[in-house]
Structures are given as structure tokens and as C-alpha cells.
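Residue numbering for the sequence shown follows our numbering, beginning at 218 and increasing consecutively.
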Amino acid sequence: MQDPVRLAVAGLGNLMGLDIGQISLLIIFIGLVCLGTSFHSNSDWCKWLSPPGWICIGVYFYLGAEHYFKIDDPVLIFMSLGALPVCMAYAGWDAINTREGRTIPSLQWLRGAVFWSAMPYLAIQHVPLLNASVVWFTAWNTSLMLQWTGAGDIHLGQMMVDLGGGREVSWQNWEGNRWLLTDTLGEGGFYVPMENADGSSINVGFVLGCSALQSMIVFVGALVAVQEAPWKRRARALFITIPVIHVLNVFRNAGIIWMHISYAGNWDLWGINIFDFGHAYAAKFLSLSAMFIMALVLFELLPKLHEHVLDVLTPVLRPLGLIPKNVNA
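Written as C-alpha cells, this is what we have:
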């Protein structure tokens, strides 16, 4: 049985002459414009842009689950599939509040947090020069870490472009636009293969998802959208979080490559090899734990951020009994 949401989106794309990648980009762009306008505008009618914006955001992330099924990443599969019902719930909550003339500051914050998280990420993702630069910088830092610690004499290969269908080409020979990605690329997109000192491949490549840019942008959006806090305090929080996330991510990447080199072919857990275990399970657990700890630090710096997060989670936490029914949000 085929996915009805994906079929509907693909059908809409066919009517507009767009493939699934292009129509997905159009959907997320419309959703972000709706949320961004609702967040930044003081006009009452702009608040009605928020519900369709939420639905577009949910559909976009839901469509991305197919990629995570292919790479067997259970954490991101769960998060992608869960995005659609969660966003639809926020759309309904937003519509009820707008109809009744209520303004909930925390829901307003969430609109801005999503807008300022997703829009910069999409800009980097769809500007090939920025995309490739972030990928190369992450791979280079990881290579330096491996060499500095003695974990492996690993070097960067040539930047490649996955054209899809098993076709790939080097960055230098790629004929696409360097300033705006107008082609739908393969799963790898822009990637850097890692090599041993003798030039042999270790069968590991770096893509944009290896940069932890998603994690960084989430914190950027959350902090920028806290309009009640002074800019100096928000900037201080950003200077704490972004470098720390990058350093932790370099350690993560280096650890995964070291395990892959050291135990590839000699380790198996219920059919899961060492690379998949390290990448999809162990590293995900450690990354989410680190983000949770950093969030606690930010809550101390910006109590209003903590208040907003609790308020927008109230519809989920209250039915679970984690928030008393007599506490208003």
C-alpha cells in the first residue's frame, strides 16, 4: 500500500511540472513564509496564516521519512513521521486561539523558532557553495581530530555530487548552478569521501547531515525567537552553544569513523554492523543527551525560554499527567 500523503503531494507536483524534491521545497517555503509572516506581523489577519503554515511544515518533514527508512535511522524515522500529527495539532490549537481572539506568547515564540530554525538551514542546503563548504569544513575538522589523536591517518577525498540513479560527478565537473540548487540530487547530495593515507577508500563519506547544522540551527531559532530577552543575553547564549555543538560533533564523527575502521567486519549485533550501530543508535543517544544538557544550561540563562518550551508542550504533557490540570498554560 502506497503512502496517500506522498501520492497526493506527487500528484500535485505532476500538475505543476515539479518532481517530488521540488514540490517538497515549495511546500516548506510556503509553510515558512506563513509562519514567519504570522510571527513578525502585528496584523490580526496574518495570524490566520499560521495554521496552513503548520500543516505545510508537517507534510515536509513527513515526506523526509522515506530517506531515513532507506538508511535505517529509527530515531529520525520516528521524528519525521511524528511531525505531521504534531504540526496538525498545533495548527488546530493556533486556529482555535485565533478564532477566539487569544494570543499565547509561547505559541507565538514557537512560530518564530520554527521559522528562524528552518529558513537558514534551507538557505544553506540549497546554496551549493554554502552546502559544500559546510560539508568540507566538517570533514576537514574530523580528519584533523583523527590524525591528532592517533586514531587514524584519514584524509579528505575529492568533493563529489550525487546526481541520483547511481550517477555521480566531481564538484569541479558538476555543471549545476553554484548559487542556487535547481536540480534534484541523489541521497548523497554534496559529499566528501574519506580516504586512507594511500588513497584507498574507507567507505565513509560526509554529507550536510554530518555537520550537526540541524542541531545548531534549532538553538539559533529558539534563541532568536525569545523576543522578551535582551539581544546581548541571547548572543551570549549563542556563543556558548554553537562552538560546543561543533566540537562535540567532531568528536562524534571521529568516534564513528574510528569504530568503523577498527571493527568493520568483526562486529555484529542482531544484523547491525558497527557503523550503523554507532551512527544510528549510540551517536544519536549521546547527541540527544548533549542537547538536553545544553538546553538546561540555556534555561538558566534565559528563564523565558524555559517557560515557552513548557507552555508549548502542555497539550502533550498534561494528558500524560506530567502537568497538573489546575496549572494554566
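By construction, the Cβ of each residue, glycine as well, lies at the ideal position given by its N, Cα and C atoms.
The beta carbon of residue 307 sits closer than 6 Å to the beta carbons of 271 from its chain, once the five residues preceding and following it are set aside; these are given in chain order. Residue 348: member of the alpha helix (DSSP H) spanning 345-366, first to last residue. C-alpha of residue 378 to C-alpha of residue 513: approximately 39 Å in a straight line. Secondary structure of residue 379 (DSSP, three-state): strand. Its chain contains 277 as the residues whose beta carbon lies nearer than 6 Å to that of residue 245, once the 5 sequence neighbours on both sides are disregarded; these appear in chain order. Look at residue 470 here: in three-state DSSP terms it is helix. Counting only runs of 4 or more residues that sit fully inside the region 402-453, the alpha helix (DSSP H) segments are 430-441, in chain order. For residue 416, the closest C-alpha among the options 401, 254, 371 is that of 371.
By the Cβ criterion, the region 514-523 is in contact with the region 443-460, since at least three pairs of Cβ atoms, one from each stretch, lie closer than 8 Å.
In this structure, DSSP gives residue 283 a helical state, which the three-state scheme calls helix. When rounded, the separation of the alpha-carbon atoms in residue 319 and residue 398 is 40 Å.
In the DSSP annotation of this structure, the continuous segment of the alpha helix (DSSP H) that includes residue 510 starts and ends at 500-518. The criterion of a C-beta distance shorter than 9 Å is not satisfied by residue 429 and residue 477. Looking at the backbone, the Cα of residue 510 and that of residue 336 are separated by about 25 Å. If you ignore the 5 residues before and after residue 296, its C-beta comes within less than 8 Å of the C-beta of 278, all in its own chain and listed in chain order. Looking at 273, 438, 294, the one whose alpha-carbon comes closest to that of residue 283 is 294. Selection 330, 357, 400 evaluated against residue 345 yields 400 as nearest (Cα-Cα).
Apart from sequence neighbours up to five positions away, the residues of its chain that approach residue 274 with a beta-carbon distance below 6 Å are 248, 304, ordered along the chain. For the 9 Å CB-CB criterion, residue 225 and residue 328 do not form a contact. Annotation for residue 297: the continuous alpha helix (DSSP H) segment containing it runs 291-316. With respect to residue 363, residue 369 sits close: the two C-beta atoms are nearer than 9 Å. Only buried fits residue 391, as 16 or more other CB atoms lie within 10 angstroms of its CB. Nearest Cα to residue 331 within the set 419, 253, 232: 253.
The beta-carbon distance between residue 467 and residue 315, rounded to whole angstroms, is 44 Å. This is too long to meet the 8 Å contact definition.
For residue 266, no beta strand (DSSP E) segment is defined, and its DSSP state is neither H nor E. Exclusion of the five residues before and after residue 312 leaves 268 as the residues of its chain whose Cβ lies within less than 7 Å of its Cβ. Per DSSP, the unbroken beta strand (DSSP E) holding residue 387 starts and ends at 384-387.
In the DSSP assignment, residue 373 falls outside any alpha helix (DSSP H) and lies within the beta strand (DSSP E) extending over 371-373. For a cut-off of 8 Å, the C-beta gap from residue 411 to residue 421 is around 5 Å, short enough to register as a contact. Residue state for residue 326 is assigned as helix, using DSSP reduced to three classes.
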